[in-house]
């Protein structure tokens, strides 16, 4: 007991001396404190051997120490956030305040709670931590020293003095870069953050899931030689399971791995082989949170099929992705500030945790009302109003983070689970006993048919036209909602009947209407597909879509198709381009859509927002949702579609490139939550299942996926008679 109180008293004395030393900078006091700290460490070692008091007393003392520490830490933070009350503080000292705040932010990012429990905070609360840095009271002065002692140029002091794009890019891509966390380790905004941060890090490559060792099991499968035959009735589904094993062949405990699966035909019902695996459909995967994943295989066509199962992202990789954005490592936008001959280039993000400067510019107003922040220029001739140019700066990828941390996070060479032993057979006529399977090995299966009955080779498609169907069906979470029927990549919808996408039908459907497409480079491709489907000559936007483009018909048909980009962050080029037009926010663009006439809106937020904390996406989604609600209220003829994320091909992640589809499923959840009240008026244009089964392409969705999104949207606008336009729902 005496030892504990001695420790307690000594801790108070040391902290008092440290505070005095920080203000007086007295060398003698610092030496004295160092001796006390050494004694304190020795006393802590002694306590490990002599502590025999009851646990209750020990716990009480620890709580007192924690309360004292938390109270003093709060006082220190409060003193840093406030400038001198009398305004008499020296400018040099005020500059050190800015330096200390930047350092505190980094330290906070490494802090763990004493009990390991995280608490949830609001997005607004997370952003409010940076209020001082964006205020006029913030002193934008670099720490003392020129940073020459930092050979790599990654310290706060060295980075603070950077003023050129190329220098920022080099510094930010170094592995030990000093960044500013957006969230400390003891808090989270969204549940998926808490989930993935709770998973342990891999300490060896064998800790990761092994596709080679993992097993796909379908109960009731019949064995025939080396083949397991899984039979199904047309229109039903098969329930199977993936048991994920690690590199040692042991079961993985818990869930969190992202598993993707799809099924494609290898033989038609008449035994004719198919090399292209069409038809093909997505397979629904459910994480059972115990190392196993439920697979629900749809039986949509008759014949023989092959199942493909991929462990796309181990939970260790997803944990690292979540940590990366929380720490402030991201893909940065660059901005140039110019005035009176002064020029500075600085990094920017849609969250306020900008590295390298004590103070930041809040450019939300200049960004059309969507949150956007940049490092504040050091030159006093420059203000936050002098932002003139912008462009992509650099990206910090998880590949770099893996090298920096020495962690094991992902096996690039192995992700596809062995399923060659499984043969899926669907009878075309429902009577399984009439199907004869001959298989002495795993190479052949022949079918004999009852000639008195006509076989049904595909599941029945919906008879109800989409134009007579509520948009609410597009928000179905039960997958699949359709499948690719043939090698021509024709989509067969299971939601409602879609007309064929022909130029005469599109031109008739779009007569006397305006189509507004807002998004990124995937948005411009959607604009292309709409214009091409209508047979209109389209304008090319060039290397950087900072301006609206338009395709239009003659005055007789009066068809107008517009495209414009969403706000920053917009990573469109590595070249610096002048903002020739004022940046208009998406809500403002939607509010500008006329209140009369046939107005069709297609909105796409995705790849430019998955590089950063998804809170940035949520703020934009909520603002867009409110503007859409206003549009639908004032214009009953308006039809709106939200295009969802698509998968990105594995080879696109050659550098395990950050962003892409890593956290896309959580963005989908946000879209569903935020538009819950408008699902009977707004279409959800899912791009996930179509692109997954096509194995997608790098960054941009494959052409057939975009064509189907176009077809689906306008199927809810016009029916097959070409002229029967959808009335108000």
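Numbering (full-length UniProt numbering), first residue to last: 1 to 729.
For each residue, glycine too, the CB sits at the ideal point set by N, CA and C.
Being a predicted model, the structure only gives us computed values, none of them experimental.
Considering Cα atoms alone, identify which of the options is closest to residue i.
i: residue 302; options: 680, 231, 647 and 350; result: 231
i: residue 215; options: 292, 193 and 195; result: 292
i: residue 120; options: 498, 194, 599 and 142; result: 194
i: residue 246; options: 137, 211, 256 and 261; result: 211
i: residue 428; options: 163, 299, 456 and 361; result: 456
i: residue 165; options: 554, 332 and 426; result: 332
i: residue 124; options: 188, 173, 536 and 252; result: 188
i: residue 313; options: 709, 699 and 649; result: 649
i: residue 172; options: 330, 595 and 697; result: 330
i: residue 600; options: 571, 606, 560 and 588; result: 560
i: residue 346; options: 588, 163 and 689; result: 163
i: residue 525; options: 663, 606 and 703; result: 703
i: residue 284; options: 268, 339 and 310; result: 310
i: residue 132; options: 358, 670, 614 and 538; result: 358
i: residue 321; options: 298, 611 and 299; result: 611
i: residue 274; options: 376, 529 and 264; result: 264
i: residue 170; options: 394, 161 and 180; result: 394
i: residue 664; options: 549, 374 and 608; result: 608
i: residue 144; options: 134, 317 and 158; result: 158
i: residue 706; options: 535, 645 and 675; result: 645
i: residue 505; options: 390, 384 and 718; result: 718
i: residue 117; options: 184, 606, 243 and 700; result: 184
i: residue 498; options: 488, 469 and 487; result: 469
Less than 9 Å separating the beta-carbons of residue i and residue j?
i: residue 459; j: residue 295; result: no
i: residue 569; j: residue 350; result: yes
i: residue 660; j: residue 604; result: no
i: residue 462; j: residue 509; result: no
i: residue 305; j: residue 364; result: no
i: residue 256; j: residue 319; result: yes
i: residue 156; j: residue 178; result: yes
i: residue 228; j: residue 239; result: no
i: residue 262; j: residue 692; result: yes
i: residue 199; j: residue 666; result: no
i: residue 549; j: residue 539; result: yes
i: residue 190; j: residue 614; result: yes
i: residue 490; j: residue 299; result: no
i: residue 237; j: residue 483; result: no
i: residue 643; j: residue 590; result: no
i: residue 360; j: residue 130; result: yes
Count the other C-beta atoms from every protein chain shown that fall within 10 angstroms of the C-beta of residue i, then say buried if there are 16 or more, exposed otherwise.
i: residue 520; result: buried
i: residue 476; result: exposed
i: residue 620; result: buried
i: residue 388; result: exposed
i: residue 711; result: buried
i: residue 512; result: exposed
i: residue 371; result: buried
i: residue 418; result: exposed
i: residue 716; result: buried
i: residue 592; result: exposed
i: residue 503; result: exposed
i: residue 213; result: buried
i: residue 353; result: buried
i: residue 714; result: buried
i: residue 551; result: buried
i: residue 636; result: exposed
i: residue 362; result: buried
i: residue 367; result: buried
i: residue 258; result: buried
i: residue 289; result: exposed
i: residue 112; result: Note on residue 112: pLDDT 44, under 50, position unreliable in the model; no value is reported.
i: residue 433; result: Here residue 433 scores only 41 on pLDDT, less than 50, and its place in the model is too uncertain to base an answer on.
My guess is that residue i and residue j are in contact by the Cβ rule of under 8 Å, so how many angstroms apart are they, rounded?
i: residue 392; j: residue 334; result: 7 Å
i: residue 465; j: residue 720; result: 7 Å
i: residue 563; j: residue 523; result: 7 Å
i: residue 518; j: residue 586; result: 6 Å
i: residue 471; j: residue 695; result: Contact doesn't hold; Cβ gap of about 29 Å is too wide.
i: residue 196; j: residue 315; result: 7 Å
Should residue i be listed as close to the ligand GDP, given that the test is whether its C-beta is under 8 Å from any heavy atom?
i: residue 340; result: In terms of ligand content, the structure shown is empty, and the ligand GDP therefore cannot be addressed.
Are there three or more Cβ pairs, one per stretch, closer than 8 Å when the stretch 197-215 is compared with the stretch 606-626? no
Inspect the CB distances between the stretch 415-425 and the stretch 362-380 and report whether three or more fall short of 8 Å. No, the stretch 415-425 is not in contact with the stretch 362-380.
Can we say the stretch 610-619 touches the stretch 683-691, given the rule of at least three CB pairs closer than 8 Å? no
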